Amino acid sequence: MTDKLMGNAAEFIADQLEISREEMDEFALSSHQKAFAATEAGKFKAEIVPVALQDKRGTTLMERDEPIRPETTLEALAKL
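Next up, the structure:
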């Protein structure tokens, strides 16, 4: 499967495995919750290296994995 966007590839695989949108959303929610709990418990400390980013406003130190969203809900995921 080449030259496919990630979303298209995911839909193709979900169709092949007969995974419903609701099942995918439940898995995604569980994944965010587990990732947040692991981050809060310090489980990723040795794997995430702080990076200093500079822009016109100054320097920002990135120390967390931004895509982890603990406030994510099934309703929000269903709207994606």
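Every letter in the sequence shown is one number past the one before it in UniProt numbering, and letter 37, counting from 1, is 37. Using N, Cα and C, we set each Cβ at its ideal position, and we do this for glycine too. All of these numbers come straight from a predicted model, not from anything done at the bench.
message: I need the straight-line Cα distance from aspartate 25 to alanine 52, nearest angstrom please.
response: For this step, residue 25 is matched to residue 25 along the sequence shown. For this step, residue 52 is matched to residue 52 along the sequence shown. Spanning the two alpha carbons is a distance of roughly 33 Å.
message: Taking a contact to mean a Cβ-Cβ separation below 8 Å, would you say phenylalanine 36 touches isoleucine 13 in this structure?
response: Walking along the sequence shown from the start, residue 36 turns up at place 36. Walking along the sequence shown from the start, residue 13 turns up at place 13. At the C-beta level, phenylalanine 36 and isoleucine 13 stay beyond 8 Å of one another.
- request: Would you please state the rounded distance, in angstroms, between the beta carbons of leucine 77 and alanine 9? I believe it to be under 8 Å.
  value: Translated into the one-based positions of the sequence shown, residue 77 becomes position 77. Translated into the one-based positions of the sequence shown, residue 9 becomes position 9. The C-beta distance from leucine 77 to alanine 9 rounds to 19 Å, too long to fall under 8 Å, and the pair is not in contact.
task: Quick one: which unbroken alpha helix (DSSP H) runs of 4-plus residues sit fully inside the UniProt domain "Thiolase N-terminal" (2–80)? Chain order, please.
output: Counting only runs of 4 or more, we get 6–17, 21–40 and 74–78.
- prompt: Is the CB-CB distance between glutamate 66 and proline 50 below 8 Å?
  reply: Locating residue 66 in the sequence shown gives position 66, counting from the first residue. Locating residue 50 in the sequence shown gives position 50, counting from the first residue. Cβ atoms of glutamate 66 and proline 50: not closer than 8 Å.
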